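Note that the numbering used here has the sequence shown beginning at 289, numbered continuously upward.
Quick reminder that beta carbons are idealized off the backbone N, C-alpha and C, glycines included.
Remember, predicted model here, so these are calculated numbers, not experimental data.
These notes are about the structure you will find just below.
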Amino acid sequence: MKVLVIGSGAREHALCRSLSLDPDVTALYCAPGNAGIAEVAELHPVDALDGTAVSALAVRLGAELVVVGPEAPLVAGVADAVREAGIPVFGPSREAAQLEGSKAFAKDVMAAAGVPTARSYVCTTEAEVDEALDAFGPPYVVKDDGLAAGKGVVVTSDLAAAKAHAAACERVVIEEFLDGPEVSLFAVTDGETVVPLQPAQDFKRALDGDEGPNTGGMGAYSPLPWADPKLVDEVMETVLQPTVDEMRRRGTPFSGLLYAGLAITGRGVRVIEFNARFGDPETQVVLARLKTPLAGVLLGAANGTLADLEPLRWSGDAAVTVVIASHNYPGTPRTGDPITGLDEVAAQDAPHAYVLHAGTGRNGGSVVSAGGRVLSVTATGAGLVEARDRAYRAVARIGLDGSQHRTDIAAKAAGA
Ligand code: AMP
Ligand code: GLY
């Protein structure tokens with residue numbers, strides 16, 4: 289099978305790494321990709337937001353499966369363009385991707401499907417904002433309605449800060465604060481059959497101890513030793529299947545990856561958000577543990593045959609990923625700094641630990657930073673303690689001036 293992956297982040301590197309290990313994959317392409325993905329896939333330049341360009345590239349390469357990684361192309365309708373060209377595509381239509389593209393739309397679907405989530409108001413005027421903030425009280429949760437790369441959400445007890453964020457957005461969702469640990473659960477779906485993956489936990493805040501601003505995600509681990517073993521079944525029954533059924537009922541079936549961001553509250557599981565694609569950095573740890581070859585799973589979702597898929601097989605190992613981010617991330621990051629130590633990790637830590645590139649590029653012979661989240665170091669081990677040790681040992685070999693990473697990824701779960 290010839291596979292083309294669209295995107296250029298660590299998620300796409302993780303997808304390409306897994307696909308490169310799949311014996312059914314005869315050719316692997318990535319567009320536009322990054323310096324690390326170039327080691328496992330043939331790169332092609334493309335504007336990932338341009339459906340016509342992406343489908344033309346897929347046709348030219350003879351791709352038999354196109355995997356659209358990030359949300360922006362999905363919301364722009366890139367999967368529709370590829371599907372219209374007659375090529376199976378992993379990723380929802382423009383309309384179905386609204387589950388991620390509009391928080392207000394997602395709330396409407398959840399209400400119709402009876403899916404448990406935070407109570408919320410959609411506000412467009414200052415008076416509505418004031419009323420909603422007053423109704424819920426602190427801590428305030430203020431969300432930009434549209435896509436914001438994980439940075440559109442402000443959770444604060446400072447009323448002035450909550451109002452300022454609301455004023456900076458065109459349309460906001462203001463909602464009840466959900467207390468409790470967060471879990472990311474991904475499911476692969478063809479619009480009807482839903483196949484859950486293993487749960488993971490993401491670390492959204494920039495600094496140790498969950499301090500600092502929200503980011504796209506600074507690290508992740510899986511499995512979750514503290515979680516109820518029935519969690520996946522419960523989320524399947526109360527969240528994933530009803531949502532997929534409701535999208536089909538509306539005539540806009542959702543196929544691809546449905547990502548449920550969940551809070552495990554004292555009153556039960558609640559959805560914090562949906563995403564319409566694999567999460568980053570959770571994908572790095574979930575795919576590190578998936579033993580079933582990936583291409584057939586994604587193809588089954590793309591062509592509506594997931595009901596025929598054998599049950600997924602999982603490694604008993606644990607996985608941990610630690611993100612290394614540029615100076616000043618999640619503010620405007622500094623880029624162009626050389627990255628050292630990549631060869632040392634490859635020589636000394638593989639195959640248990642490896643680097644997945646996100647914002648990297650080449651400057652002559654050297655790899656340099658080119659974005660906010662620069663790379664993520666992923667490691668596996670017999671348990672979280674070993675996976676964590678291996679990940680941080682590899683992180684220590686990597687040099688990037690001014691870079692930052694959290695030192696407490698998976699620490700609590702590992703009992704460290
Ligand atoms: P989102 O982009 O909706 O995932 O929000 C980003 C992060 O903000 C989440 O991972 C949570 O840590 C936090 N958050 C979002 N909504 C809520 C909520 N209702 N209660 C508490 N924290 C929230
Ligand atoms: N890890 C959060 C996200 O992918 O949105």
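Compare the Cα-Cα distances from residue i to each of the options and report the closest residue.
| i | options | result |
| --- | --- | --- |
| Val-557 | Leu-597, Gln-692 and Val-523 | Val-523 |
| Met-289 | Glu-458, Thr-666 and Leu-587 | Leu-587 |
| Leu-575 | Gly-554, Val-293 and Arg-305 | Arg-305 |
| Val-334 | Asp-433, Leu-349, Val-328 and Glu-327 | Leu-349 |
| Val-476 | His-332, Leu-545 and Thr-666 | Leu-545 |
| Ala-401 | Glu-534, Pro-376, Ala-564 and Val-683 | Glu-534 |
| Arg-382 | Asp-338, Leu-303, Thr-609 and Pro-517 | Asp-338 |
| Tyr-547 | Gly-295, Asp-625 and Gln-486 | Gln-486 |
| Leu-644 | Thr-666, Lys-492, Gly-653 and Gly-624 | Thr-666 |
| Pro-618 | Gln-636, Thr-593, Arg-661 and Gly-604 | Arg-661 |
| Asp-433 | Asp-422, Glu-458, Ala-351 and Asp-310 | Glu-458 |
| Val-356 | Gly-324, Ala-326, Pro-320 and Glu-327 | Pro-320 |
| Ile-627 | Arg-681, Arg-685, Phe-491 and Ala-595 | Arg-685 |
| Gln-636 | Gly-624, Leu-512, Ala-679 and Arg-622 | Ala-679 |
| Glu-372 | Val-313, Gly-669, Ala-590 and Ala-323 | Ala-590 |
| Leu-594 | Asp-446, Pro-484, Val-460 and Gly-295 | Pro-484 |
| Val-655 | Ala-323, Pro-530, Met-506 and Ala-456 | Ala-323 |
| Gln-692 | His-615, Glu-632, Val-633 and Gly-592 | His-615 |
So the beta strand (DSSP E) residue i belongs to, where does it begin and stop?
| i | result |
| --- | --- |
| Tyr-509 | 507 to 510 |
| Glu-561 | 556 to 563 |
| Gly-584 | No beta strand (DSSP E) contains Gly-584, which is instead part of the alpha helix (DSSP H) from 582 to 590. |
| Ala-613 | 606 to 613 |
| Arg-650 | 648 to 651 |
| Lys-431 | 428 to 432 |
| Leu-473 | 470 to 477 |
| Arg-661 | 661 to 669 |
| Pro-361 | Where Pro-361 is concerned, there is no enclosing beta strand (DSSP E), although the alpha helix (DSSP H) it sits in stretches over 359 to 363. |
Since residue i and residue j are thought to touch, with beta carbons under 8 Å apart, how far apart are those beta carbons, to the nearest angstrom?
| i | j | result |
| --- | --- | --- |
| Leu-387 | Ala-346 | At roughly 24 Å, the Cβ-Cβ gap does not stay under 8 Å, so Leu-387 and Ala-346 are not in contact. |
| Ala-606 | Ala-675 | 5 Å |
| Gly-687 | Gly-629 | 5 Å |
| Val-397 | Val-527 | Their Cβ separation, rounded to whole angstroms, is 11 Å, which puts Val-397 and Val-527 out of contact at 8 Å. |
| Leu-597 | Leu-578 | So it is not a contact: roughly 13 Å between Cβ atoms. |
| Phe-424 | Ile-462 | 7 Å |
| Pro-427 | Val-443 | 6 Å |
| Val-611 | Tyr-509 | No, Val-611 and Tyr-509 are not in contact; Cβ-Cβ is about 12 Å, not under 8 Å. |
| Ala-302 | Gln-572 | 5 Å |
| Thr-405 | Lys-391 | Actually they are not in contact, since the Cβ atoms of Thr-405 and Lys-391 sit about 10 Å apart, beyond 8 Å. |
| Arg-694 | Phe-491 | 6 Å |
| Ser-543 | Pro-380 | 6 Å |
| Ala-385 | Leu-353 | That belief does not hold up - the Cβ atoms of Ala-385 and Leu-353 are roughly 18 Å apart, past 8 Å. |
| Thr-503 | Arg-493 | 7 Å |
| Ser-308 | Ala-329 | 7 Å |
| Glu-570 | Ser-657 | Contact flag wrong, Cβ pair sits at about 22 Å. |
| Ala-298 | Ala-583 | 20 Å between Cβ atoms; not a contact. |
Measuring only from the beta carbon, is residue i closer than 7 Å to any heavy atom that is part of ligand 2?
| i | result |
| --- | --- |
| Asp-568 | yes |
| Asn-563 | yes |
| Gly-505 | yes |
Using a Cβ-based criterion (distance less than 7 Å to any ligand heavy atom), does residue i qualify as near ligand 4?
| i | result |
| --- | --- |
| Asp-490 | Summarising the ligand content, the structure contains ligand 1 and ligand 2 and does not contain ligand 4. |
Could you spell out the range, first to last residue, of the alpha helix (DSSP H) harbouring residue i?
| i | result |
| --- | --- |
| Gly-389 | 386 to 389 |
| Lys-451 | 447 to 456 |
| Leu-292 | Per DSSP, Leu-292 belongs to no alpha helix (DSSP H); it is in the beta strand (DSSP E), 290 to 295. |
| Phe-491 | No alpha helix (DSSP H) holds Phe-491; DSSP gives it neither H nor E. |
| Gly-402 | That residue, Gly-402, is in no alpha helix (DSSP H); it is neither H nor E in DSSP. |
| Gly-339 | 339 to 349 |
| His-301 | 298 to 308 |
| Tyr-680 | 672 to 685 |
| Pro-376 | Here Pro-376 belongs to no alpha helix (DSSP H), and DSSP marks it neither H nor E. |
| Thr-537 | Looking at the sequence itself, residue 537 is Arg, so the reference to Thr does not match. Run containing Arg-537: 529 to 537, per the alpha helix (DSSP H) assignment. |
| Pro-333 | Premise fails: Pro-333 is in no alpha helix (DSSP H) and is neither H nor E. |
Does at least one heavy atom of ligand 1 sit under 7 Å from the Cβ of residue i?
| i | result |
| --- | --- |
| Glu-725 | Any question about residue 725 goes unanswered here, given that the chain covers just 289 to 704. |
| Leu-466 | yes |
| Lys-431 | yes |
| Val-363 | no |
| Ile-560 | yes |
| Val-410 | no |
| Gly-350 | no |
| Gly-554 | no |
| Ala-406 | yes |
| Gly-669 | no |
| Asn-322 | no |
| Glu-388 | no |
| Gly-660 | no |
| Glu-632 | no |
| Gly-549 | yes |
| Glu-281 | The structure shown has nothing for residue 281, since the chain only spans 289 to 704. |
| Val-441 | yes |
| Glu-463 | yes |
| Asn-591 | no |
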